[in-house]
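Chains as they are written, first to last, in UniProt numbering: chain A, 1 to 391; chain B, 1 to 391. For every residue, glycine included, the Cβ atom is placed at its ideal position computed from N, Cα and C. Quick caveat, the model's predicted, so the values are computed rather than measured. Remarks on the structure that follows.
2 protein chains.
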Amino acid sequence: MEKVFIVGVGMTKIGRFYEQSGRELFSQALWKAIEDAGGVKPRALVVGNMMSSTLMNQDSLGALLADYAGLRGIPAFKVEAACGSGGAALYAGYALVKSGVADVVAVGGLEKQTEATTPYVTRALAQAADADFEVFYGVTFTGLNAMIARLYMQLFGYSDEDLSYWPLKMHEYASYNPYAQLPRKTSMKEILDSPVIADPIRLFHAAPIGDGAAAVILVRGEEKAREIAKAAGRDTLIEVAGVGMATDSVDIASRNNLVVMEATAKAAQEALRMAGIGVKDVDYAEVHDAFHVTGYAALEDIGFAPKGEAPRLFKEGRFQKGDKPEVNFSGGLKARGHPVGATGVYQVAEAVMQLRGDFPGFKASSPETALTHNMGGVSTITVVSVLRRWK
Amino acid sequence: MEKVFIVGVGMTKIGRFYEQSGRELFSQALWKAIEDAGGVKPRALVVGNMMSSTLMNQDSLGALLADYAGLRGIPAFKVEAACGSGGAALYAGYALVKSGVADVVAVGGLEKQTEATTPYVTRALAQAADADFEVFYGVTFTGLNAMIARLYMQLFGYSDEDLSYWPLKMHEYASYNPYAQLPRKTSMKEILDSPVIADPIRLFHAAPIGDGAAAVILVRGEEKAREIAKAAGRDTLIEVAGVGMATDSVDIASRNNLVVMEATAKAAQEALRMAGIGVKDVDYAEVHDAFHVTGYAALEDIGFAPKGEAPRLFKEGRFQKGDKPEVNFSGGLKARGHPVGATGVYQVAEAVMQLRGDFPGFKASSPETALTHNMGGVSTITVVSVLRRWK
Numbered sequence: 001m002e003k004v005f006i007v008g009v010g011m012t013k014i015g016r017f018y019e020q021s022g023r024e025l026f027s028q029a030l031w032k033a034i035e036d037a038g039g040v041k042p043r044a045l046v047v048g049n050m051m052s053s054t055l056m057n058q059d060s061l062g063a064l065l066a067d068y069a070g071l072r073g074i075p076a077f078k079v080e081a082a083c084g085s086g087g088a089a090l091y092a093g094y095a096l097v098k099s100g101v102a103d104v105v106a107v108g109g110l111e112k113q114t115e116a117t118t119p120y121v122t123r124a125l126a127q128a129a130d131a132d133f134e135v136f137y138g139v140t141f142t143g144l145n146a147m148i149a150r151l152y153m154q155l156f157g158y159s160d161e162d163l164s165y166w167p168l169k170m171h172e173y174a175s176y177n178p179y180a181q182l183p184r185k186t187s188m189k190e191i192l193d194s195p196v197i198a199d200p201i202r203l204f205h206a207a208p209i210g211d212g213a214a215a216v217i218l219v220r221g222e223e224k225a226r227e228i229a230k231a232a233g234r235d236t237l238i239e240v241a242g243v244g245m246a247t248d249s250v251d252i253a254s255r256n257n258l259v260v261m262e263a264t265a266k267a268a269q270e271a272l273r274m275a276g277i278g279v280k281d282v283d284y285a286e287v288h289d290a291f292h293v294t295g296y297a298a299l300e301d302i303g304f305a306p307k308g309e310a311p312r313l314f315k316e317g318r319f320q321k322g323d324k325p326e327v328n329f330s331g332g333l334k335a336r337g338h339p340v341g342a343t344g345v346y347q348v349a350e351a352v353m354q355l356r357g358d359f360p361g362f363k364a365s366s367p368e369t370a371l372t373h374n375m376g377g378v379s380t381i382t383v384v385s386v387l388r389r390w391k
Numbered sequence: 001m002e003k004v005f006i007v008g009v010g011m012t013k014i015g016r017f018y019e020q021s022g023r024e025l026f027s028q029a030l031w032k033a034i035e036d037a038g039g040v041k042p043r044a045l046v047v048g049n050m051m052s053s054t055l056m057n058q059d060s061l062g063a064l065l066a067d068y069a070g071l072r073g074i075p076a077f078k079v080e081a082a083c084g085s086g087g088a089a090l091y092a093g094y095a096l097v098k099s100g101v102a103d104v105v106a107v108g109g110l111e112k113q114t115e116a117t118t119p120y121v122t123r124a125l126a127q128a129a130d131a132d133f134e135v136f137y138g139v140t141f142t143g144l145n146a147m148i149a150r151l152y153m154q155l156f157g158y159s160d161e162d163l164s165y166w167p168l169k170m171h172e173y174a175s176y177n178p179y180a181q182l183p184r185k186t187s188m189k190e191i192l193d194s195p196v197i198a199d200p201i202r203l204f205h206a207a208p209i210g211d212g213a214a215a216v217i218l219v220r221g222e223e224k225a226r227e228i229a230k231a232a233g234r235d236t237l238i239e240v241a242g243v244g245m246a247t248d249s250v251d252i253a254s255r256n257n258l259v260v261m262e263a264t265a266k267a268a269q270e271a272l273r274m275a276g277i278g279v280k281d282v283d284y285a286e287v288h289d290a291f292h293v294t295g296y297a298a299l300e301d302i303g304f305a306p307k308g309e310a311p312r313l314f315k316e317g318r319f320q321k322g323d324k325p326e327v328n329f330s331g332g333l334k335a336r337g338h339p340v341g342a343t344g345v346y347q348v349a350e351a352v353m354q355l356r357g358d359f360p361g362f363k364a365s366s367p368e369t370a371l372t373h374n375m376g377g378v379s380t381i382t383v384v385s386v387l388r389r390w391k
C-alpha cells in the first residue's frame, strides 16, 4: 500500500488574539502549510478542535474553516478528543490518505479560547473529564492532574523543586521559538514563587490558555511527495511511518494505576510497531506536558525512562541537547503553549521541521526519526505518531 | 485493496429518554450491533455526535462511550459535522478500515437532546449555522430552512398542502417501524392544522427533537466478512461500495443557489462514482428530510428527480413501494426521528437491514443497491454512502 508523507506545515504564533476570529487564525495556518507544500491544495480537511461548541458557539466547524480558507466544497469535518483532538485528526487524516479516499489531505487544529473569560474556559476544559462522575462534584481539570501530581511526588519522593526543572527548561527552549506563547526564560525562584492553582500544581507548572492554529498537508505515495518536495525546493521527504491511538477511562477513579498512563504506553507501542522500530530508535520527541508531571510521565510511559525516574534523569541533563531522544525543543505545552485542539498538530509540524532542519527555534541534532505524543483528558485519549526523514 | 463490509447493525428506539444517560443509550445500540455481528468486538470506535459539548457538558466522548460499553482502551474519537456527524463518522470509519489502520471498526452515532429544555436545544441546534454571520442576528435553524422552503414554493409553484404529502407518507411508514419516535399515522388535516414554527414550516413539516443511538460494525476484506456472516447465520454480505462527502458555505447568504444543495449533488456523484454505478441503479434510499422541503430537494439534488419536480412526482406516487428507488421506508427524519448526530448511522443501519431483508418495519422490494444521504447544517456538510448486497 502507498505510504503517507507530510509535504507542508504551517502554524500561527500562539497567544491571546482578541482581535482575530478562529476562522481567521486557521486560515493563516492552513495557507502557510499550503505555501510550504509548494502550493498544492488539499482535497479534504480534518480539523482537530475541542471547544468550538462551548466557546465559539460554532459547530459545522470543518465546513466553516474550509470555506473561509477558500476551499469551499471539499470534504471537511471536525474531530474531538479533548486536548488530543489534533492528534486524533492526524489519525483520521492519515487513514483518509492511506486508504486513497483522498490523496491530498490537510490535517489542521484550532482552538480559540479567548472567546470567553477564564472561568468559562476552565469550565469548558473540565468537559474533558467525566461530566457525571467527576465535574459534577466540582473538580477542575487542573484539580484532577494535581491529585496525580501529589501521588507521583509521594510515591517517587520528589519535591516541588525537583519537578520544576521541567518548566525551567521549557521556558528556555520557548525563548528561541517565534511561535511560542511564552517566549521568555524563567528562574527556579520565579517558578517556586508562582501561585498554587491546585496544590501541588503552581502557575508555572501548567500550560497557559491561548489561541492558535496549525496545519500539515498529507499526500499519498512517494512519487507525489517527491514532486511536491521538488517544487518546494526540498530534497528530503517526511514519512508518517506510524500512528497509534489508545484510550482509557475518562474518570480517573476507575483507572488501574493513577501514575501510569496506560493509553500512552499502548499508543506508543502501536505507532512504533507500525513504523517497525523500537523506542531506542527515536531521535527526537515532542511530548504532551500539560503539567510538569504529565511531561515526566510521558517520558516514562512512552518508554524513554523507567517509571519514576524521569524527573531525576531530566535534572541530570537527559532528554536535552545531544541526548537520544532530544525532547520538546519547541518549549512544550508549558511554554510554546497549548491551544488545546491544535496542540497535537503543532507537535507534528514542529517535529517535521526538526527532521527537515528548518525549525526556526532551538534546533535538534539532525534527527532522522521523531515521535509526537498528544493526549486528551488525563491521558484518556492518546495519539502517538512516528515520523521518518527520507533522503 | 480490500473491500469494506458492514457485518452488524444496532439501534435504540428514538424518543425522549429522560431516565437514561447518553452513555447508556449508546451502549445498548453498540452491543446490539456487536451481537448482530455474531459477537465480533470492534477494535476502534468512531462516534458521530453534534451536541455532547453543549447539552451533555461532555467532551472526550469517544473514550467515554468505548469505556462504558466495556471496550476500554480501543482507539476512539468523536466526529462533528452538525446533523451530518453520523455520516461523517461513517466516512472516517470507512477510511480506518479501508486503510488497514483498524480491521474491525464500530461507527456509532449518539444524540441526547433531552438533557436540556427546548430553548437550549434550539440554541444548540443553531450552532450548525454560522455563529458570527447568521445566529448572532437571531435566526434559528428552522428559520433558515423556512426561508429556503418559501423560496422553493414560490419558484416552483407549490402550496402548503402540495409539500405536505411528504410528512403524510413518512408518518405512515413510521407507524410500522418499532424504532421510530413518532410511530403513528397522521392526516392532511392534522398537518395543515399544526402550528407554524417558522413560516411556512409547520410542526408536522419538521423532524422532532429526540434521543437515540445507532451503531454499525465495519470489517476489512471479504474473507473476514464471510466468516462473521456465517457465525451470525446470514448468507449475504453488505459492502460499503462508495462513500462521498462534500461541503458548502455554512452561511446560506453566500450560496450560489438557495434551492440547489450543491454539496448533496457532489457527495452523491462521488459515492456513485466510487461504487461504479449510476443514480438509476439505486434501488433504495434513505434521505435527510429534516424538513419537508429538504426531503424533496434531496431527491432532486441526488439526481432521482428533475429540479422542482420532486413534490409533484412524490404526490403522484413516485419513490414509494414498487418504484425505483423506494425512499425512506423508515419514516425518515420526519417520523422515524432525528437524533441529530446519530441520524446518519440510523440511515445506514436501516439500509443494511433493507438489503438483508430483515428490516422490522415497512419493507423495501428486495433491493440490491441502497444509498444513504445525511446532511449537517443547511446542506452544508453532506455524506452519501452506497451499499451493495453480495450473494
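Rounded straight-line distance, which links the Cα of residue j to that of residue i
| i | j | result |
| --- | --- | --- |
| B:A198 | B:A206 | 10 Å |
| A:E262 | B:F204 | 50 Å |
| A:L147 | A:A265 | It is worth fixing the name first, because residue 147 of chain A is Met in this sequence and not Leu. Their Cα atoms are separated by approximately 21 Å. |
| A:A370 | A:F329 | 12 Å |
| A:S85 | A:N49 | 6 Å |
| A:H338 | A:V293 | 16 Å |
| B:V348 | B:S385 | 8 Å |
| B:G15 | B:L182 | 8 Å |
| A:Y304 | A:Q269 | The sequence shown places Phe at residue 304 of chain A, not Tyr. Looking at the two C-alpha atoms, the distance is approximately 12 Å. |
| A:G143 | A:P195 | 14 Å |
| B:A88 | A:G93 | 13 Å |
| B:M11 | A:V47 | 28 Å |
| A:A310 | A:V378 | 18 Å |
| A:Q28 | A:E35 | 11 Å |
| A:T122 | B:C83 | 27 Å |
| B:Y129 | A:L313 | Tyr is not the amino acid found at residue 129 of chain B; the sequence shown has Ala there. Distance between the alpha carbons of B:A129 and A:L313: 51 Å. |
| A:L258 | B:R43 | 24 Å |
| B:A106 | B:I217 | 5 Å |
| B:G322 | B:R234 | 25 Å |
| B:E80 | B:I381 | 10 Å |
C-beta contact flag for residue i and residue j at 8 Å
| i | j | result |
| --- | --- | --- |
| A:Y296 | A:E326 | no |
| A:I191 | A:P208 | no |
| B:V282 | B:L90 | no |
| A:I238 | A:R389 | yes |
| A:A215 | A:V4 | no |
| B:V7 | B:I201 | no |
| A:G331 | A:A180 | yes |
| B:P119 | B:K13 | no |
| A:L96 | A:K78 | no |
According to DSSP, residues forming a beta bridge with residue i
| i | result |
| --- | --- |
| B:G73 | B:G73 is not bridged to any residue. |
| A:T372 | A:E286 and A:S385 |
| B:L218 | B:I6 and B:V105 |
| B:K78 | A:E80 and B:V47 |
| B:A213 | B:L110 |
| A:A198 | A:I201 |
| A:G242 | A:V386 |
| B:A206 | B:F291 |
| A:M11 | A:A214 |
Contact list for residue i against chain A, beta-carbon separation under 8 Å
| i | result |
| --- | --- |
| B:L144 | Under the 8 Å cutoff, chain A gives no residues; its nearest Cβ is about 12 Å from B:L144. |
| B:M1 | M1, S99 and G100 |
Within chain B, partners of residue i - CB distance below 7 Å
| i | result |
| --- | --- |
| A:G376 | S60 |
| A:K266 | G73 |
Proximal chain B residues relative to residue i, where beta-carbon distance stays under 9 Å
| i | result |
| --- | --- |
| A:S379 | Result: empty, since nearest Cβ-Cβ is about 10 Å, beyond 9 Å. |
| A:E80 | N49, S52, S53, D59, S60, L61, G62, F77, K78, V79 and E80 |
Partner residues on chain A for residue i, Cβ-Cβ distance less than 7 Å
| i | result |
| --- | --- |
| B:L90 | Result: empty, since nearest Cβ-Cβ is about 11 Å, beyond 7 Å. |
Selection of the stretch 55-73 of chain B by Cβ proximity to chain A, strictly under 7 Å = M56, N57, Q58, D59, S60, L61, G62, A63, L64, A66, D67, R72 and G73
Using Cβ-Cβ distances below 7 Å, what residues of the stretch 118-129 of chain B are close to chain A?
-> Across the stretch 118-129 of chain B, CB contacts with chain A closer than 7 Å involve Q127 and A128, in sequence order along the chain.
Check each residue of the stretch 222-251 of chain A: if its Cβ is closer than 9 Å to any Cβ of chain B, include it; give the result in chain order.
-> V243, G244, M245, A246, T247, D248, S249, V250 and D251
Taking only beta carbons into account, state which residues of the stretch 175-196 of chain B come closer than 7 Å to chain A, listed in chain order.
-> Answer set for the stretch 175-196 of chain B: empty.
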